[in-house]
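For the sequence shown, position 24 matches number 24 in UniProt numbering, and the numbering has no gaps at all.
Note that CB positions come from ideal geometry on N, CA and C, so glycine has one too.
So the structure is just underneath, and the comments pick up after that.
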Amino acid sequence: MNTLTYLQGYPESLLAQVTTLIEQNRLGEVLQKRYPLSHDITTDKALYQYTQEMKNQYLRNAAPVNKVMYDSKIHVLNNALGLHTAVSRVQGGKLKAKAEIRVATVFREAPEAFLRMIVVHELAHLKEKDHNKAFYQLCCHMEPQYHQLEFDTRLWLTHLALKWKR
Numbered sequence: 001m002n003t004l005t006y007l008q009g010y011p012e013s014l015l016a017q018v019t020t021l022i023e024q025n026r027l028g029e030v031l032q033k034r035y036p037l038s039h040d041i042t043t044d045k046a047l048y049q050y051t052q053e054m055k056n057q058y059l060r061n062a063a064p065v066n067k068v069m070y071d072s073k074i075h076v077l078n079n080a081l082g083l084h085t086a087v088s089r090v091q092g093g094k095l096k097a098k099a100e101i102r103v104a105t106v107f108r109e110a111p112e113a114f115l116r117m118i119v120v121h122e123l124a125h126l127k128e129k130d131h132n133k134a135f136y137q138l139c140c141h142m143e144p145q146y147h148q149l150e151f152d153t154r155l156w157l158t159h160l161a162l163k164w165k166r
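Set out below in structure tokens:
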């Protein structure tokens, strides 16, 4: 089950269903049916605006996000899909903290719902640093289908990994 790297920790019964779809060469077809729409958020500027709109809708009182960008090195270096970082700098006699969100470049070509899930996840880190119950409640507040989208994103990444192997 090396092909199911992104799905570790899920129940065996679910993994068996995914394996069946892979063996029947239908995983991509199923995902395409479920998520037919792509998006046009392909530039860092568009991603920043997309993220700011979501932040303004759900997290008005959270710390500002100073930078949002696609990052081609994220997946390789950190085994992550997105990163939220706080960069602290001394300017004059003051300490300035700036929040940055980086999203793996692979999401430029992902269905919009998967990009939304990643942005929601990274925005939730503005309020909750750890992946605890409060963190996931906040994710579900911003995106009610968060857990389904997270699973489906993992399926999509599995499909991509299989395509790249061929």
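### Query
For L77, is the classification buried or exposed, using 16 other Cβ atoms within 10 angstroms of its Cβ as the cut-off for buried?
Any reading at L77 must be qualified, since the residue scores a pLDDT of 42, below 50, and its modelled position is unreliable; the value itself is stated next. Classification for L77: exposed.
### Query
When the Cα atoms are used, what is the spatial distance from M54 to L14?
About 32 Å.
### Query
Is it right to say V90 is buried, meaning 16 or more other beta carbons lie within 10 angstroms of its own, or is it exposed?
Burial call: exposed.
### 7 Å CB neighbourhood of R108 in its chain, flanking five on each side removed
Excluding residues within five positions, the ones whose Cβ falls inside 7 Å are T42, Y70.
### Task
Flag this pair as yes or no: are the beta carbons of V120 and E100 separated by less than 9 Å?
No, they are not a contact pair.
#### Entry: In chain order, each beta strand (DSSP E) run of at least 3 residues that lies wholly inside the region 31–113
65–71, 82–91, 94–104
### Query
In whole angstroms, what separates the C-alpha of N56 from that of Q24?
43 Å
### L31 vs V106 beta-carbon contact at 9 Å
no
### Task
Using the Cα positions of A110 and N66, report the straight-line distance between them to the nearest angstrom.
24 Å
### Query
Do Y10 and L157 have their C-beta atoms within less than 9 Å of each other?
No, the pair does not count as a contact, with Cβ atoms beyond the cut-off.
### Message
Going by DSSP, what residue range makes up the alpha helix (DSSP H) through D152?
### Response
146–165
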